[in-house]
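Going down the list, the sequences are from chains A and B.
Numbering of the first sequence is given in the numbering used here, commencing with residue 1268 and proceeding in unit increments.
Numbering of the second sequence is given in the numbering used here, commencing with residue 1268 and proceeding in unit increments.
Number of protein chains: 2
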Amino acid sequence: MTLEIDTPAVLVDLDVAEANVRAYQSYCDSHGLRLRPHIKTHKLPRLAEYQIAQGAIGITCQKITEAEAMVAGGEMRDILLTYNILGAEKVARLRTLAARVPLSVVADSSEVVKGLSAGFADAATPLPVLVECNTGADRCGVATPAEAAQLAQGIAALPGLTFAGLMTYPPIGRAPEVAKWLSEAKGLIEGAGLAVSTISSGGSPDMWRAHEMPLATEYRIGTYIYNDRSLVARGVCDWAECALTVLATVISTPAEGRAVIDAGSKVLTSDLLGLEGYGHVLGRPDLKIDQLSEEHGRITCDGPIGLRVGDQVRIVPNHACVVSNMLDHVVLMRGTEILGTEPVAARGQVW
Amino acid sequence: MTLEIDTPAVLVDLDVAEANVRAYQSYCDSHGLRLRPHIKTHKLPRLAEYQIAQGAIGITCQKITEAEAMVAGGEMRDILLTYNILGAEKVARLRTLAARVPLSVVADSSEVVKGLSAGFADAATPLPVLVECNTGADRCGVATPAEAAQLAQGIAALPGLTFAGLMTYPPIGRAPEVAKWLSEAKGLIEGAGLAVSTISSGGSPDMWRAHEMPLATEYRIGTYIYNDRSLVARGVCDWAECALTVLATVISTPAEGRAVIDAGSKVLTSDLLGLEGYGHVLGRPDLKIDQLSEEHGRITCDGPIGLRVGDQVRIVPNHACVVSNMLDHVVLMRGTEILGTEPVAARGQVW
């Protein structure tokens, strides 16, 4: 079926997205886990509001400008910024934002904590700060439970801040090690007389196993609302549960086993996430998107490709979150019904 | 030195960019080659105007919206759209654009040519169409010189169009094969009574060897204005000739040999172009940017990393063109002088 949409375009099927939100909220509810969706996947206030209306306790953002865009576009209830906010100008902006919405942040060093305290020392309400813990993903985070306890005490001792708990971006499939790490940190911190009110974990790959770490009080998750090829490959969802697709048109069929579409790296991005090729052409598992230039996607297959110039293809990208960031608008759909375009409010926000 | 710029930010040193433009214009002038820069690298009307003022015959764009943004922002003289324009709505918009600026396009199939003719049949001025030729890069393009000749005659025979020459996106380092292909096509087309007024080749990797294919009348090139890590790796330029850099701040130093910066795939992109790692930290060849999340860049090295929280680093990205597309603004500099921010006029234009 040809859709009356000019290509390339990013399509979001709201029926699918909303069903994904409800399904995972139900899972969290049944396990007593608070859900805090990461809005980086969709960047749309309307979907954040839907997530909250279904039971999410608030949202996760990565950057101040992303949070600002969400607050400007809807009622966000409560925001956790899972990022080291550094620099006087950013901290001042954080304080302005904290006056508008309940806000907490993370930190993994005394430098970051000192900067936050300097900005909030005379604030009417102290800023809740969670300690980011490296439980094995080796990105940010304090290295040991002892360091976590030390930083927690540092936060509690500084003006303008309250210690609010532990946060981790966990390695995939290692719940027991993560639980051991966090449990040890929690024990040390409680031993020092501080309450650990929140333990925040997350990640879409392990989403259906979140209950295997009951220590966590809340779960941060982004991709589950759209799903993508990487999560299908991991067995987390199937193609019918992929809400975000890229609609492209075949602009050339220059050889028997090759076609070129008008979606390149400026739409699909070069993210591989360990996969081969740059997306899955729905209904055509025999095709491979084997090369991207900025505006060209090359599709190959072993036999005759069976595509003609002008044909549309619909692609599940490797990584939905980064595709949301590429265009200023997405096209909202319900099944085959086109609802219209929606600006991606938090696109491009990296500050 | 710490720059008074909040990070992450994309910096463009105009002194370096302008020197790059002049150096390559001088090379083209000395070889009698017309230069037609591809604006996808910078997406800034002011730099396109600079390229034209230095002697470029016009510009190359990939998409209609990109060309529209350039025409809206400056005097572009002449535009070649190196893309199969397909669909009635796009062709109508192409015609509107052609009324504003001398415009030519490419095509590699009769389907595309017929669509163009349908849209321009009653236009006051016919649309010049070049035949795109696959000389070995295996993206778009007719497969053989005989097909090129056939399509050229098809273009010449249709109302609203004129045959304007041959265009190729050549494979790297294969000038003799490309020349043989194009020469054969030219002979066949001239034998059929048509003039081949333009033969358009291009590509930054072979930019200093463009004269090795004297058959080409014009050269399309984009990256040369900014350069990037991929071109340094190929020996085309050196670090001092890289005009676009990403300024980032160290936000975490969680282990002896690891630091995390606030520039991730939303700034640096996941483009590898065959390289390892996601960019070169200027002045620190021992560092490796080995992993990107959307907002985190992980830097590792074998020994102590020698970076502190709050330090700035300046990164030459793997691929400058895609970085230009990520943020709404770039910061213009001359050396260490900050001139201000400039909107990236043609960012995100994929239609």
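Even glycine gets a Cβ: it sits at the ideal position worked out from N, Cα and C.
Since we're looking at a predicted model, the values are computed, not measured.
With a threshold of 8 Å between beta carbons, W1618/A makes contact with chain B. In the DSSP annotation of this structure, S1537/A is not part of any beta strand (DSSP E), being labelled neither H nor E. Nearest C-alpha to A1290/A among C1504/A, F1387/A, L1270/A and K1310/A: C1504/A. Residue range P1312 to A1320 is occupied by the alpha helix (DSSP H) that includes Q1318/A. With 16 or more other Cβ atoms inside 10 Å of its own Cβ, H1547/A counts as buried. Only C1588, V1589, N1592, M1593, L1594 and D1595 from the segment 1578-1599 of chain B bring a Cβ to less than 8 Å from some Cβ of chain A. Distance from the CA atom of I1582/A to the CA atom of R1565/B, rounded to whole angstroms, is 30 Å. Chain-ordered listing is empty here: chain B has no CB closer than 8 Å to the CB of R1501/A, the nearest sitting near 17 Å. Put simply, the CB of G1421/A is far from chain B, with every gap to its CB atoms at 8 Å or more.
In the pairwise beta carbon analysis, the segment 1475-1495 of chain B is classified as not touching the segment 1603-1616 of chain A: fewer than three pairs are separated by under 8 Å.
Beta bridge pairing from DSSP links G1564/B with I1528/B and L1559/B. Using a Cβ-Cβ cut-off of 8 Å, I1466/A does not count as an interface residue toward chain B, since no Cβ of chain B sits closer than that to its own.
By the C-beta density criterion, D1538/A is buried, having at least 16 other C-beta atoms within 10 angstroms.
Residues V1277 of the same chain have their beta carbon placed closer than 6 Å to that of L1594/A, with the five preceding and five following residues left out of the count. When secondary structure is reduced to three states using DSSP, N1494/A falls in the coil class, being assigned neither helix nor strand. Unbroken alpha helix (DSSP H) stretches of 4 residues or longer found wholly inside the segment 1407-1447 of chain B: 1412-1424, given in chain order. Boundaries of the beta strand (DSSP E) harbouring I1488/B: E1485 to I1488, taken from the DSSP string.
Fully enclosed alpha helix (DSSP H) runs of no fewer than 4 residues occupy 1377-1387 of the segment 1376-1402 of chain A, in order along the chain. Within chain B, the C-beta atoms nearer than 8 Å to that of V1409/A come from P1521, in chain order. Nearest to H1563/B by C-alpha distance, out of L1542/B, T1536/B and I1572/B, is T1536/B. At least one beta carbon of chain B lies nearer than 8 Å to the beta carbon of H1563/A. With distances taken between CA atoms, Y1436/B lies nearest to L1348/B out of G1573/B, M1343/B, L1348/B and R1575/B. If you check each beta-carbon in the segment 1367-1398 of chain B against every beta-carbon of chain A, the ones closer than 8 Å belong to D1375, S1376, E1378 and V1379. Contact of K1307/B with chain A by beta-carbon distance below 7 Å involves E1561. At a beta-carbon threshold of 8 Å, the residues of chain A lying near Q1329/B are E1561 and E1562, ordered along the chain.
In the three-state DSSP reduction, Q1616/B falls in the coil class, being neither helix nor strand. With a cutoff of 8 Å on beta-carbon distance, E1399/A and M1434/A are scored as near each other. The continuous beta strand (DSSP E) containing S1468/B extends over residues T1465 to G1469. Listed as beta-bridge partners of N1351/B by DSSP are V1373/B.
If you check each beta-carbon in the segment 1330-1362 of chain A against every beta-carbon of chain B, the ones closer than 8 Å belong to K1330, Y1350, N1351, L1353, G1354, E1356 and K1357.
Comparing alpha-carbon positions, the option among D1569/A, D1375/A, Y1486/A and R1501/A lying closest to D1296/A turns out to be Y1486/A. For W1506/A, the closest C-alpha among the options D1280/A, I1272/A, G1524/A and L1559/A is that of D1280/A.
Apart from the 5 residues on each side of it in sequence, E1451/A sits with its Cβ closer than 6 Å to the Cβ of P1412 in its chain, given in chain order. Within a 10 Å sphere around the beta-carbon of S1293/B sit fewer than 16 other beta-carbons, which makes this residue exposed. Taking a contact as a CB-CB distance under 8 Å, the pair A1334/B and L1364/B counts as one, their CB atoms being some 6 Å apart.
For M1343/B, DSSP records no beta bridge to any residue.
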